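S.K.: For the sequence shown, my numbering assigns the number 852 to the initial residue and increments by one for each residue that follows. For each residue, glycine too, the CB sits at the ideal point set by N, CA and C. Note that the coordinates shown come from a computational prediction; the quantities given were computed from them, not determined experimentally. This structure is in structure tokens; I'll ask about it shortly.
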Amino acid sequence: MEPRGWLMRLHLDGWLLAGILLLITTSLLVVYSASGGNMAVVERHGLRIALAFGGMVVMAQIPPHQLMRWAPWLFIAGLIMLVAVLITGTIGKGARRWLDLGIIRFQPSELMKLALPMFLAWLYAWQPLPPSWPRLLAGLAAIAMTAGLIVVQPDLGTSLLIAASGLFVLFFVGLSWKWIIGALGAVIAALPVIWHFMYDYQKQRVLTFLNPESDPLGAGYHIIQSKIAIGSGGVWGKGFLGSTQA
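This is the structure:
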């Protein structure tokens, strides 16, 4: 069977698959070099890649119309689990982010990284674009609800990432640039208020990002190591297996 034939049978794009395999190969080499040739680290990384790759192949076999049918139910299930986290979730490092089901412990916020964009795509798939104001407000409400349930865990980073993924969908369905710029302006204007309500550890992360030398052995360690690596390796680096910072 020709390569193109089995790729079509598996519903995989050849160029996309080639790009993924190139990134995988590069990542394995980089991990091997950065770990000083530690094969145990490479094997763990490779196992995660294999599981993710298998998941990609499985998902590619599901017809798009079936995914569209599941989208609203997946989103509702995700919201229910986010509420369950706030009520019965497992606390770790001062945050309530995990659901413990006995045989598995996971973060529902990870599910929402997929569920929210799928739900928004489903929401706007049935209407002419750009969407009407009621539909647009419904999408914004879904984003706000999801991000709000995650930010109170607290998990500001994940909530911002998921909100951004939802806003990207709104942009692609025709949200005007003037509304995007206006929203960014409103967020910037509200930064003093946002800062007031941030947790101490979140404030510390921002301050450490601006001045990593204030905590060189703690939160600022990796930023400092990155600066040293760039300074010593320059644009082209020190070569394979020549890294001094990892």
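Quickly, what does DSSP pair T941 with across the bridge? List them, please.
M.R.: Here residue 941 refers to the residue found at position 90 of the sequence shown. Beta-bridge pairing links T941 to W949.
S.K.: Could you name each continuous alpha helix (DSSP H) segment of 4 residues or more that falls completely within the region 887–913, going from the start of the chain to the end?
M.R.: 890–911
S.K.: Using the DSSP secondary-structure output, state which residues sit across from R956 in a beta bridge.
M.R.: Looking up residue 956 in the sequence shown gives position 105. For R956, which the question treats as bridged, DSSP gives the partners D951.
S.K.: Three or more C-beta pairs closer than 8 Å, one from the region 954–970 and one from the region 926–936: is that the case here?
M.R.: yes
S.K.: When you compare only the Cα positions, how much space is there between G1025 and S1083?
M.R.: Sequence index remark: in the sequence shown, residue 1025 carries index 174 (1-based). Sequence index remark: in the sequence shown, residue 1083 carries index 232 (1-based). So the alpha carbons of these two residues sit roughly 45 Å apart.
S.K.: Does DSSP put L861 in a helix, a strand or coil?
M.R.: The residue labelled residue 861 in the question sits at position 10 within the sequence shown. Here L861 sits in coil by DSSP.
S.K.: Buried or exposed: where does M852 fall if 16 or more other Cβ atoms within 10 Å of its Cβ makes it buried?
M.R.: One-based indexing of the sequence shown puts residue 852 at position 1. Below a pLDDT of 50, predicted positions are generally treated as unreliable, and M852, at 48, falls in that range; no measurement from the model is reported.
S.K.: I'd like to know if the region 977–997 and the region 904–922 are in contact, where contact means that at least 3 CB-CB pairs between them fall below 8 Å.
M.R.: no
S.K.: I need the boundaries of the alpha helix (DSSP H) containing Y1072, first residue and last residue.
M.R.: What you label residue 1072 is simply residue 221 of the sequence shown in a count that begins at 1. Note, Y1072: alpha helix (DSSP H), 1072–1084.
S.K.: Could you please give the first and the last residue of the uninterrupted alpha helix (DSSP H) stretch that includes G1033?
M.R.: Start at 1 with the first residue of the sequence shown, and residue 1033 comes out as number 182. That run of the alpha helix (DSSP H) goes 1028–1040.
S.K.: Going by DSSP, what residue range makes up the alpha helix (DSSP H) through I978?
M.R.: Sequence index remark: in the sequence shown, residue 978 carries index 127 (1-based). Note that residue 978 is Gln in the sequence shown, not Ile. Careful: Q978 lies outside any alpha helix (DSSP H) and carries neither H nor E.
S.K.: What residue range does the alpha helix (DSSP H) around M1049 cover?
M.R.: Residue mapping note: residue 1049 aligns to position 198 of the sequence shown, counting from 1. M1049 -> no alpha helix (DSSP H), and no H or E assigned at all.
S.K.: Would you grab the beta carbon distance between L971 and G1017 for me? Rounded to a whole angstrom, and I think it's under 8 Å.
M.R.: Locating residue 971 in the sequence shown gives position 120, where the first residue counts as 1. Locating residue 1017 in the sequence shown gives position 166, where the first residue counts as 1. Correct: roughly 6 Å between the Cβ atoms.
S.K.: To the nearest angstrom, report how far apart I1081 and T1009 are at their CA atoms.
M.R.: The sequence position of residue 1081 within the sequence shown is 230, counting from 1. The sequence position of residue 1009 within the sequence shown is 158, counting from 1. Rounded to whole angstroms, the separation of the alpha carbons of T1009 and I1081 is 28 Å.
S.K.: Less than 9 Å between the beta carbons of Q1076 and P1005, yes or no?
M.R.: Locating residue 1076 in the sequence shown gives position 225, counting from the first residue. Locating residue 1005 in the sequence shown gives position 154, counting from the first residue. In this structure, P1005 does not lie closer than 9 Å to Q1076 by Cβ.
S.K.: Among the candidates V882, P981, I875, whose CA atom is the shortest distance from the CA of L902?
M.R.: In the sequence shown, residue 902 corresponds to position 51, counting from 1. Checking every option, the nearest Cα to that of L902 belongs to I875.
S.K.: Might you give, ordered along the chain, the residues of its own chain that have their beta carbon closer than 8 Å to the beta carbon of P1067, omitting 5 neighbours on each side?
M.R.: Residue 1067 sits at position 216 when you count from the first residue of the sequence shown. Beyond the five residues adjoining it in sequence on each side, P1067 comes within less than 8 Å, by CB distance, of I1075 in the same chain, given in chain order.
S.K.: Quick one: is L914 buried, meaning 16 or more other Cβ sit within 10 Å of its Cβ, or exposed?
M.R.: The residue you call residue 914 lines up with position 63 of the sequence shown. Per the sequence shown, residue 914 should be read as Pro rather than Leu. The residue is exposed, with fewer than 16 neighbouring Cβ atoms inside 10 Å.
S.K.: Quick one, are the C-beta atoms of L937 and V1003 less than 9 Å apart?
M.R.: The residue labelled residue 937 in the question sits at position 86 within the sequence shown. The residue labelled residue 1003 in the question sits at position 152 within the sequence shown. For L937 and V1003, yes; Cβs fall inside 9 Å.
S.K.: Can you tell me where the alpha helix (DSSP H) holding W1087 begins and where it ends?
M.R.: Here residue 1087 refers to the residue found at position 236 when the sequence shown is read from its first residue. From DSSP, W1087 is part of no alpha helix (DSSP H); its letter is neither H nor E.
S.K.: Using the beta-carbon count (16 or more within 10 Å), is T1180 buried or exposed?
M.R.: Absent from the model: residue 1180. The displayed extent of the chain is 852 to 1097, so no value can be given.
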